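J.: Attaching a single structure in structure tokens format; questions to follow.
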Amino acid sequence: LHLGCGPRRVPGWLNVDLSGSDFDLDLASGSLPWPAASVQTIAAQHVIEHLDFRSALLPLLRHCHRILAPGGQLWLSCPDIEKICRHYLADGMHALIAKRKERMRKLRGVEFNLGGSTGLPDTPPTWYFNAQIFQNGEHLQHFDYPLLCWTLQHAGFSNVRRVQECDLLAAHPEFPPREDDDHSLAVLAIR
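Residue 106 is where the sequence shown starts when you use my numbering, and the numbers rise one by one after that.
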């Protein structure tokens, strides 16, 4: 299952999102309709930060645990609050903005404009901190590795480790790269 796929449809996966996907489902319901132990792999990239912790995220992760077969894998990524704060303290977000510009050109063929989110041409680089943390009010959760491990433990997972995007791509090369390890936290949880 590819949860919260957005426009990134992955061949060979059941791509799930609110609408316009292979299987339309509101993940904020906190429920997954598949039978227990029926899924081998679930991936959700930059989804969990959009869900209310108590009413949606924790129930959803518990359902992920329920539907995964023994030994099944849950691949998650989200913004890493620690990395983002380090970028802010290191250089006021300049390096992270430069990487974002490069990534947008390479992966989407568009130019990243920091002022696009404020509507002002002289937007200071530190505004990007707000953009990363709040994303126009869409981000409800912020995680570092210990907090995400704690959350997954409360969902039933005991085997959780930090990974990089390259680990997901090595295991599942059909996924398009995001190239966002500079500000993302990625984990692999095993059922």
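Just so you know, even glycine gets a beta-carbon here, dropped at the ideal spot from N, CA and C. The model shown is predicted, which means the values in this text are computed figures rather than measured ones.
(1) With a threshold of 7 Å on Cβ separation, who are the neighbours of residue 201 within its own chain once the five nearest residues in sequence on each side are excluded?
(2) Take residue 228 and list the residues in its own chain whose beta-carbon comes closer than 6 Å to its own, dropping the five residues that flank it on each side.
(3) Please state whether the Cβ-Cβ distance between residue 147 and residue 183 is less than 9 Å.
(4) Report the option in 262, 281, 264 and 263 whose CA atom is closest to the CA atom of residue 271.
(5) Just reading off the beta strand (DSSP E) that residue 181 is part of, what are its end residues?
(6) Can you find the residues in the same chain that come closer than 8 Å, C-beta to C-beta, to residue 284, ignoring five residues on each side of it along the sequence?
(7) What does the alpha-carbon distance come out to for the pair residue 157 and residue 199?
(8) Considering Cα atoms alone, identify which of 132, 176 and 260 is closest to residue 123.
(9) Inspect the CB distances between the segment 159 to 173 and the segment 132 to 146 and report whether three or more fall short of 8 Å.
(10) If you draw a straight line from the alpha carbon of residue 267 to that of residue 179, how long is it in whole angstroms?
(11) Are the Cβ atoms of residue 297 and residue 250 separated by less than 9 Å?
(12) Shortest alpha-carbon distance to residue 274 belongs to which of 214, 293 and 226?
(13) Grouping DSSP H, G and I as helix and E and B as strand, with all else coil, what is residue 267?
(14) Sort 248, 259 and 265 by Cα distance to residue 188 and report the nearest one.
(15) First and last residue of the beta strand (DSSP E) that includes residue 120?
T.: On the basis of the supplied data:
(1) So the qualifying residues of the chain are 192, 233, 287 and 288.
(2) Around residue 228: 219 and 220.
(3) It is not a contact, given that the beta carbons lie outside the stated cut-off.
(4) That would be 281, whose Cα lies nearest to the Cα of residue 271.
(5) Looking at the DSSP string, the run of the beta strand (DSSP E) that includes residue 181 is 173 to 184.
(6) Counting only Cβ-Cβ distances below 8 Å, and skipping sequence neighbours, we find 208, 211, 212 and 270.
(7) Answer to the nearest angstrom: the Cα atoms are 30 Å apart.
(8) Of the candidates 132, 176 and 260, the one whose C-alpha sits nearest the C-alpha of residue 123 is 132.
(9) Result yes; three or more Cβ-Cβ pairs closer than 8 Å.
(10) The alpha-carbon atoms of residue 267 and residue 179 are separated by roughly 12 Å.
(11) Residue coverage of the chain in this structure runs from 106 to 296, which leaves residue 297 outside it and unanswerable.
(12) Nearest option by C-alpha distance: 293.
(13) The three-state reading of DSSP puts residue 267 in strand, counting E and B together.
(14) Minimum Cα distance to residue 188 is reached at 248.
(15) Residue range 120 to 122 is occupied by the beta strand (DSSP E) that includes residue 120.
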